[in-house]
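> Sequence order for the protein chains is A and B.
For the first sequence, the numbering used here begins at 2 and goes up steadily by one.
For the second sequence, the numbering used here begins at 50 and goes up steadily by one.
Glycine included, C-beta positions come from ideal geometry on N, C-alpha and C.
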Amino acid sequence: DAGITQSPRHKVTETGTPVTLRCHQTENHRYMYWYRQDPGHGLRLIHYSYGVKDTDKGEVSDGYSVSRSKTEDFLLTLESATSSQTSVYFCAISEGGAGVYEQYFGPGTRLTVT
Amino acid sequence: GENVEQHPSTLSVQEGDSAVIKCTYSDSASNYFPWYKQELGKGPQLIIDIRSNVGEKKDQRIAVTLNKTAKHFSLHITETQPEDSAVYFCAAKGRQTGANNLFFGTGTRLTVIP
């Protein structure tokens with residue numbers, strides 16, 4: 002998984018509780034991404050980062066926030082989890098050089114909101 | 050943003066036969082088209098990609114073709130083997146600059162029957 006770890010790998014939480022998922026990379030890649038994967042929807046981008054403290058929204062960002070204080074770590078926070086946020090969450094990284102577009106994915110975190 | 054459609058959603062082939070998965074995209078400015086293979090419980094793995102200045106690319110038993118005029122691209126797997134069984138996703142890099150964001154199709158579940 003290209004030097005990417007995600008933690009936790011599985012989590013069950015209750016509606017209304019805050020949840021933070023962590024993505025850690027050892028590749029020193031500039032770009033990091035959070036996706037969610039749901040049946041019938043493929044992978045959808047939640048938020049991405051193009052550098053330390055530089056983040057922006059993806060297509061399904063409502064209810065999520067992110068932070069990147071170090072190159073290697075990208076955190077995804079659900080401020081108040083809802084059942085609609087039950088999903089598998091994937092982190093991805095990309096080198097970010099000119100003309101370098103490849104994205105590499107981590108192993109995923111399965112989140113269940115009850 | 051970009052809209053990527055993928056067909057079929059499921060595909061069963063006999064071992065040794067070929068498999069073809071097709072995707073269409075909406076943004077004529079898209080210039081990068083990767084394919085990912087996802088095995089059960091794992092993150093998507095980049096298996097091949099193509100850029101808009103190339104019409105075809107091959108890597109052993111897999112190949113990808115791109116028709117920019119029609120805005121569609123396809124994955125071809127020849128001499129299929131049981132280990133090719135997985136979910137395959139196509140994606141397109143959208144117009145948005147700065148972060149190489151990808152838009153994904155909804156996936157094709159390929160089953161290779163021994």
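Taking B:T73 as the reference, give the member of B:N149, B:E105 and B:A140 with the closest Cα.
Stepping through the second sequence from its first residue, residue 73 of chain B is reached at position 24. Of B:N149, B:E105 and B:A140, the residue nearest in Cα terms is B:A140.
> Note down, in chain order, each residue of its chain lying with its Cβ closer than 7 angstroms to the Cβ of B:E128, except the 5 sequence neighbours on either side.
Residue 128 of chain B sits at position 79 when you count from the first residue of the second sequence. Result list for B:E128: G65 and R110, in chain order.
> Take B:G154 and list the residues in its own chain whose beta-carbon comes closer than 8 angstroms to its own, dropping the five residues that flank it on each side.
Working through the second sequence from its first residue, we reach residue 154 of chain B at position 105. V53, E54, Q55, C72, F138, C139 and A140.
> Smallest Cα separation from A:D57: which of A:L112, A:G100, A:F75 and A:L44?
If you number the first sequence from 1, residue 57 of chain A lands on position 56. Answer by Cα proximity: A:F75.
> If we ignore side chains and look at the alpha-carbon of each, how far apart do A:G98 and B:P163 end up?
Position 97 of the first sequence holds residue 98 of chain A. Position 114 of the second sequence holds residue 163 of chain B. Their Cα atoms are separated by approximately 42 angstroms.
> In terms of residues, what are the limits of the beta strand (DSSP E) holding A:G43?
Locating residue 43 of chain A in the first sequence gives position 42, counting from the first residue. G43 to G52 is the extent of the beta strand (DSSP E) around A:G43.
> On the criterion of 16 or more Cβ atoms from any shown chain inside 10 Å, does A:V13 qualify as buried, or is it exposed?
Counting from 1 along the first sequence, the entry for residue 13 of chain A is found at position 12. By the 10 Å Cβ count, A:V13 comes out exposed.
> Among residues of its own chain, excluding the 5 on either side of B:I97, which ones have a beta-carbon nearer than 6 angstroms to its beta-carbon?
Position 48 of the second sequence, counted from the start, is the residue given in the question as residue 97 of chain B. Counting only Cβ-Cβ distances below 6 angstroms, and skipping sequence neighbours, we find W84, D108, I111 and V113.
> With a threshold of 16 other CB atoms inside 10 Å of the CB of B:Q87, please say whether the residue is buried or exposed.
What you label residue 87 of chain B is simply residue 38 of the second sequence in a count that begins at 1. Counting Cβ neighbours within 10 Å, B:Q87 comes out buried, since at least 16 surround it.
> To the nearest angstrom, how far is it from the Cα of B:L159 to the Cα of A:F91?
Numbered from its first residue, the second sequence carries residue 159 of chain B at position 110. Numbered from its first residue, the first sequence carries residue 91 of chain A at position 90. Going by the C-alpha atoms only, they are around 21 angstroms apart.
> Could I get the ranges of all uninterrupted beta strand (DSSP E) runs contained in the stretch 97-146 of chain B, with 3 residues as the minimum, in chain order?
Listed in chain order, the complete beta strand (DSSP E) runs (minimum 3 residues) inside the stretch 97-146 of chain B are 105-108, 111-116, 121-126 and 135-142.
> Taking Cβ positions only, does A:F106 come closer than 7 angstroms to chain B?
Residue 106 of chain A sits at position 105 when you count from the first residue of the first sequence. Yes - at least one Cβ of chain B is within 7 angstroms of the one on A:F106.
> Which chain A residues are close to B:G156, counting only those with a beta carbon under 8 angstroms from its beta carbon?
For the purposes of this step, residue 156 of chain B is identified with residue 107 of the second sequence, where counting begins at 1. Correct list: G43.
> Can you name, in chain order, every residue of its own chain whose Cβ lies under 7 angstroms from the Cβ of A:T117, other than the five neighbours on each side?
This structure leaves residue 117 of chain A out entirely; chain A is present only between 2 and 115.
> Please report the straight-line C-alpha distance between B:P131 and A:R45, rounded to a whole angstrom.
Taking the second sequence and counting its residues from 1, the one referred to as residue 131 of chain B is at position 82. Taking the first sequence and counting its residues from 1, the one referred to as residue 45 of chain A is at position 44. If I take the Cα positions, the gap works out to 29 angstroms.
> CB-CB under 8 angstroms to A:Y51, same chain, minus the five flanking residues each way: which ones, in chain order?
The residue you call residue 51 of chain A lines up with position 50 of the first sequence. Answer for A:Y51: R31, Y32, D57 and G97, listed in chain order.
> In this structure, does DSSP put A:S85 in helix, strand or coil?
As a first step, residue 85 of chain A is located in the first sequence; it is residue number 84 there, counting from the start. A:S85 falls in the helix class under three-state DSSP.
> Going along chain B, which residues have a C-beta under 9 angstroms from A:F91?
As a first step, residue 91 of chain A is located in the first sequence; it is residue number 90 there, counting from the start. Chain B residues near A:F91: G92 and P93.
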